[in-house]
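In the working numbering, the protein residues as written are 20 to 391.
Written below as structure tokens is the structure these notes are about.
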Ligand SMILES: [Zn+2]
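Right under this line is the structure:
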């Protein structure tokens, strides 16, 4: 991974390059983000830059033997630690699977890592056994490059045993860099936090997300990429989750919501709310976001018919149909409620009741003009 392959985080790249050039880079570093904004990618690109034989002022060369080995994830001086399943296991036990996932792209989240292991509902952690192994590995001299790098992905999964690593983070052995990559820095032991130089990543723009998605999923339809990028709220792993479930699923669910409500079909409204109740919490939130996005697009189509709508063919047809039966005021009511519902889901409301209410609300919006 090179800096040039990461879309976004330009000011951090500049800062990192400057510090690396002036030897002002700390040896214990924290890359922090709240969602997938590129922390693992940035850590990996920084490791490549450090191990590279011939870096430019802005990036690793991508050509030397070190760069080539890092790209294949076979460099003996690049180490990884990450959450695993089972207290008697270490990252080494899961390396083939982790390497396989990371070779595809560095934008996955913990859930996607666990999905890759077919262990979605299991508890992941970085166990004591791992800490002992890290200490042992870091006490060795670099094998091939002048430096070695350890990337600890999600140090928030280190238990109390993380304290054993303190000494290492406080004073990494010569020629050793330790990069901790976190999604939740508030869960990291304070004692570890205080020893690291921090680089905090910002959410990506819609354009940066769509460029990243195009790199990861080149076969995906550009219209779909554009829509998903706008729903992803700056996070690539969210975008990947949405793309996995398929935009189609959200479109159908959205269309059925309004269709059954318009017809006043109580039986199907009930079935609809049950099916949404069975979505994962993340998917329920995406559904709400998708619906909000759709309704807002519809709103702007009504206000300014000349403006080009970012919808695919199927959605465009539905939007044209809805334009005839939904007033601006009704759309506004639905948008307001959906916003509220996103908040309720976030706070673990009973979604069975919640989505039935949403269906009833739409029915009222169509039929009970007094309400809107
Ligand atoms: Zn190189």
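Just so you know, even glycine gets a beta-carbon here, dropped at the ideal spot from N, CA and C.
Using the C-alpha atoms, what's the distance from residue j back to residue i?
i: residue 220; j: residue 206; result: 17 Å
i: residue 182; j: residue 195; result: 19 Å
i: residue 156; j: residue 135; result: 26 Å
i: residue 288; j: residue 33; result: 53 Å
i: residue 78; j: residue 23; result: 7 Å
i: residue 371; j: residue 47; result: 47 Å
i: residue 49; j: residue 197; result: 8 Å
i: residue 391; j: residue 246; result: With a pLDDT of only 42 at residue 391, under the threshold of 50, the placement of this residue in the model should not be trusted, and no figure is reported.
i: residue 270; j: residue 38; result: 47 Å
i: residue 338; j: residue 317; result: 6 Å
i: residue 126; j: residue 87; result: 20 Å
i: residue 193; j: residue 214; result: 16 Å
i: residue 159; j: residue 184; result: 15 Å
i: residue 230; j: residue 329; result: 17 Å
i: residue 273; j: residue 133; result: 29 Å
i: residue 326; j: residue 234; result: 29 Å
i: residue 57; j: residue 28; result: 8 Å
i: residue 385; j: residue 286; result: 17 Å
i: residue 389; j: residue 257; result: Note that residue 389 has pLDDT 45, beneath the 50 cutoff, so the model's placement of it is unreliable and no number is given.
i: residue 283; j: residue 360; result: 21 Å
i: residue 226; j: residue 241; result: 12 Å
i: residue 248; j: residue 203; result: 23 Å
i: residue 315; j: residue 222; result: 22 Å
i: residue 129; j: residue 146; result: 16 Å
i: residue 342; j: residue 73; result: 59 Å
i: residue 291; j: residue 307; result: 14 Å
i: residue 260; j: residue 358; result: 21 Å
i: residue 119; j: residue 189; result: 32 Å
i: residue 139; j: residue 268; result: 21 Å
Are residue i and residue j touching if we call contact CB-CB under 8 Å?
i: residue 153; j: residue 89; result: no
i: residue 69; j: residue 168; result: yes
i: residue 96; j: residue 148; result: no
i: residue 98; j: residue 85; result: no
i: residue 275; j: residue 243; result: no
i: residue 51; j: residue 210; result: no
i: residue 382; j: residue 280; result: yes
i: residue 92; j: residue 121; result: yes
i: residue 54; j: residue 262; result: no
i: residue 173; j: residue 102; result: yes
i: residue 21; j: residue 62; result: no
i: residue 199; j: residue 171; result: yes
**Prompt:** Are the stretch 334-354 and the stretch 304-314 touching by the rule of at least three beta carbon pairs closer than 8 Å?
**Reply:** When Cβ pairs closer than 8 Å are counted between the two stretches, the stretch 334-354 is seen to touch the stretch 304-314, the count reaching three or more.
**Message:** Counting beta carbon pairs with one atom in the stretch 300-309 and one in the stretch 357-370, are three or more of them shorter than 8 Å?
**Reply:** At 8 Å Cβ cutoff, the stretches touch.
**Item:** Shell residues, 5 Å Cβ cut-off relative to heavy atoms of ligand 1
**Value:** Summarising the contact set, residues whose Cβ lies nearer than 5 Å to any heavy atom of ligand 1 are, in chain order, 71, 79, 80, 83 and 86.
**Message:** Does the contact criterion of 3 or more C-beta pairs under 8 Å hold for the stretch 282-299 versus the stretch 319-333?
**Reply:** Contact fails between the stretch 282-299 and the stretch 319-333, because fewer than three Cβ pairs, one in each stretch, are under 8 Å apart.
**Message:** As an exercise, report each continuous beta strand (DSSP E) stretch of at least 3 residues that is fully enclosed by the stretch 252-307, in chain order.
**Reply:** Entirely contained in the stretch 252-307, not one beta strand (DSSP E) run reaches 3 residues.
**Item:** Those runs of the alpha helix (DSSP H) which lie wholly inside the stretch 50-88 and span at least 4 residues
**Value:** Counting only runs of 4 or more, we get 58-70.
**Message:** Threshold first: 3 residues or longer. Then list the beta strand (DSSP E) segments lying entirely within the stretch 179-220, N to C.
**Reply:** Counting only runs of 3 or more, we get 195-201 and 216-219.
**Message:** If we require 4 or more residues per run, which alpha helix (DSSP H) segments fall completely within the stretch 326-377?
**Reply:** At a cut-off of 4 residues, the continuous stretches assigned as alpha helix (DSSP H) that sit fully inside the stretch 326-377 are 332-344 and 347-365.
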